[in-house]
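Just so you know, we're using full-length UniProt numbering here: the sequence shown kicks off at 1 and counts up by one.
Note that CB positions come from ideal geometry on N, CA and C, so glycine has one too.
Below is one structure, written out as structure tokens; the observations come after it.
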Amino acid sequence: MSGTTPEEASAALAAVRHAQSTVAGEIGLPRGYWWGLGLAWVGFGAIAELGNPWVTTVATAGFGMVHSVIASRMLDGRRRSEQVRVSAATAGRRTPIAVVSMLVALVALTLAAALAFDADGAGHPSLAAGVLVGAITGFGGPELLRGARRLFRA
1 MSGTTPEEAS AALAAVRHAQ STVAGEIGLP RGYWWGLGLA WVGFGAIAEL GNPWVTTVAT
61 AGFGMVHSVI ASRMLDGRRR SEQVRVSAAT AGRRTPIAVV SMLVALVALT LAAALAFDAD
121 GAGHPSLAAG VLVGAITGFG GPELLRGARR LFRA
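So this is what it looks like as structure tokens:
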């Protein structure tokens, strides 16, 4: 035995747990990602107001292509900041599932908000819903992802 007391071992384990939770706090996506996504949400709301299915289809396909390139590098949540690049084992395999599930929930919120604005007689319900969800995404994206990661135990 090395002569380590139970108190010293307990303190060492507590320090390791603290370090792990500090590194795990670095899991996420950069703030710019969330603001870009929020602006895209507003843009989609504005495009939907045009009522032209071809424009909407082209915009959706274009966004899908651009987002897939960006997300393929960031979706694992390992590059939130330039300070730390979290290992895949620490980030967990469920982080992409949490991100995609959160985006699906935001789409559902957008549809529900647009229907509610339309039922209320708003002049531009798609744009209003896009602004609402875009603001939620831009201001609260990291916090939403943290909650989704907790929900999915990612």
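Hey, residue i and residue j are a contact pair by Cβ (cut 8 Å); roughly how many whole angstroms apart?
i	j	result
Ala98	Arg149	5 Å
Ala48	Thr56	6 Å
Gly45	Gly147	In fact, because the Cβ distance is near 24 Å, the residues do not count as touching under 8 Å.
What residues in its chain sit with their C-beta under 6 Å from that of residue i, if we drop five residues either side in the sequence?
i	result
Met1	Annotation note: pLDDT 49 at Met1 (below 50); position unreliable, coordinate value reported separately. So no residue of the chain qualifies.
Pro142	Gly28
His124	Glu49
Ala59	Ile47
Quick one: using the 10 Å Cβ neighbour count with 16 as the cut-off for buried, is residue i buried or exposed?
i	result
Leu132	buried
Pro53	exposed
Thr95	buried
Thr110	buried
Thr137	buried
Leu13	exposed
Gly3	exposed
Leu106	buried
Ala114	buried
Gly134	buried
Among the options, whose alpha-carbon lies nearest the alpha-carbon of residue i?
i	options	result
Ala108	Trp34, Gly28, Trp41	Trp41
Ser101	Ala14, Ala46, Pro125, Leu145	Leu145
Gly51	Gly134, Leu127, Gly140	Leu127
Leu37	Ala9, Val66, Ser10	Val66
Phe152	Gly121, Arg93, Gly140	Arg93
Trp34	Ala71, Ala11, Asp118, Glu8	Ala71
Leu103	Phe117, Asp120, Gly64	Gly64
Taking 7 Å as the limit between beta carbons, can you name the residues of its chain near residue i, skipping five residues before and five after?
i	result
Ala122	Ala128
Gly140	none
Ser68	none
Phe117	Pro125, Ala128, Ala129
Excluding five sequence neighbours on each side, which residues of the same chain lie with their C-beta closer than 8 Å to the C-beta of residue i?
i	result
Leu39	Gly134, Gly138
Glu8	none
Exercise for the section: Only counting runs of 4 or more residues, tell me where the alpha helix (DSSP H) segments fall wholly within the stretch 85-146, in order along the chain. Expected result: 88-91, 95-119
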